[in-house]
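What follows is a short report on a single structure.
In this note's numbering, the protein residues as written are 1 to 271.
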């Protein structure tokens with residue numbers, strides 16, 4: 001602060017004040033400065049004010065959830081799932097299909113849905129080598145969706161499987177397109193970390209089931225009143241089920257029922 005005394009813009013005069021009056025003026029001025037420095041939201045003097053962070057929390061969605069349990073990679077089940085999705089898509093106007101894939105895999109499929117070739121699908125398919133999804137029937141399932149239900153939006157809610165292949169590739173895609181400051185980038189990084197932790201924990205079932213549920217809730221609640229169809233292994237879709245490999249943890253659908261109540265329906269296509 002400048003220590004010079006203010007100069008009146010009018011005519012300068014020499015002013016003599018009584019000593020007691022001068023002390024009173026000085027005390028009042030000091031008190032005013034202290035009050036100004038401490039007034040902002042009751043902050044403690046000496047601590048800088050922190051900028052407020054905007055936290056956006058989606059309200060609980062009100063749409064319906066239609067879950068279908070499967071045995072992965074079975075042609076007859078895949079045909080039934082496509083038939084069901086086609087009905088929901090064309091007759092009910094649904095567009096959001098939840099799948100037992102990682103967040104970044106589903107988002108990469110959404111990019112592929114807008115492309116004029118199958119390069120991305122072929123890369124993802126090769127990354128599935130060694131899993132039950134690595135068969136022509138699974139690939140044809142996604143090809144049918146692109147052909148006959150082209151406005152489908154995939155939502156992957158599993159932990160980050162193939163984080164070092166599909167995950168790394170999608171992260172590079174986002175970086176190449178200047179999307180590092182987006183929510184997609186942050187959620188891709190989060191899914192990759194979930195995958196690393198899951199495999200580091202030696203396929204720990206409780207961790208995966210809880211993360212699948214958390215990710216599902218995040219993706220579903222942002223949709224508001226939209227209804228969705230979900231395709232998951234039957235171990236995750238029982239409304240009274242216990243998570244595979246655990247003694248008492250409710251499976252994903254069981255946990256979702258506790259949140260959404262009568263808005264969730266489930267059918268096991270693998271029976």
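All residues carry an ideal CB built from backbone N, CA and C; glycine is no exception. No experiment lies behind these values; they were computed from the predicted model shown.
Which residue or residues does DSSP assign as beta-bridge partners of residue i?
i	result
residue 231	68, 99
residue 248	Answer is none; residue 248 lacks a bridge partner.
residue 267	68
residue 242	250
Keeping to the same chain, check which residues put their C-beta closer than 8 Å to that of residue i; ignore five residues upstream and five downstream.
i	result
residue 242	248, 249, 250, 251, 254
residue 258	250
Could you name the residues of the same chain whose beta carbon sits closer than 6 Å to that of residue i, not counting the 5 residues immediately before and after it, in chain order?
i	result
residue 75	137
residue 171	188
residue 216	157
residue 89	149
residue 193	none
residue 135	73
residue 235	244
residue 48	Note on residue 48: pLDDT 31, under 50, position unreliable in the model; the coordinate value appears next. Once the five neighbours on either side are set aside, residue 48 has no close Cβ partner at all.
Taking just the CA atoms, how far does residue j sit from residue i?
i	j	result
residue 228	residue 176	31 Å
residue 213	residue 256	7 Å
residue 231	residue 81	8 Å
residue 120	residue 59	34 Å
residue 266	residue 118	32 Å
residue 93	residue 153	12 Å
residue 112	residue 147	12 Å
residue 209	residue 122	28 Å
residue 201	residue 108	26 Å
residue 271	residue 91	26 Å
residue 221	residue 143	28 Å
residue 83	residue 167	30 Å
residue 169	residue 151	24 Å
residue 174	residue 106	14 Å
Assuming the contact rule is C-beta atoms closer than 8 Å, residue i and residue j should be a hit. Round their C-beta distance to whole Å, please.
i	j	result
residue 272	residue 127	With the chain running from 1 to 271 in the structure shown, residue 272 is simply not present.
residue 160	residue 130	Contact flag wrong, Cβ pair sits at about 16 Å.
residue 102	residue 164	That pair is no contact at about 12 Å.
residue 269	residue 70	5 Å
residue 273	residue 263	In the structure displayed, the chain extends from 1 to 271; residue 273 sits before or after that span and is not available.
residue 85	residue 124	Not a contact, Cβ separation roughly 19 Å.
residue 182	residue 67	Between residue 67 and residue 182 the Cβ distance is about 29 Å, and since that is not below 8 Å, they are no contact.
residue 225	residue 62	5 Å
residue 219	residue 98	7 Å
residue 198	residue 204	7 Å
Give every residue of the same chain whose Cβ lies closer than 7 Å to the Cβ of residue i, excluding the five residues on either side of it in the sequence, and list them in chain order.
i	result
residue 133	72, 73
residue 233	69, 70, 72, 100
residue 179	185
residue 260	65
residue 206	243, 246, 249
residue 273	Outside the displayed span of the chain (1 to 271) sits residue 273, for which this structure offers no information.
residue 96	153, 155, 223, 226, 228
residue 78	137, 138, 141
residue 110	153, 154
residue 211	159, 194
Please report whether the beta-carbon of residue i lies at a distance below 8 Å from any beta-carbon of chain B.
i	result
residue 141	The structure shown contains no chain B; it holds only a single protein chain.
What are the uninterrupted segments assigned as beta strand (DSSP E) that are 3 or more residues long and contained completely in the stretch 119-185, given in chain order? If only complete runs of 3 or more residues are kept, the stretch 119-185 shows the beta strand (DSSP E) at 153-158, in order along the chain.
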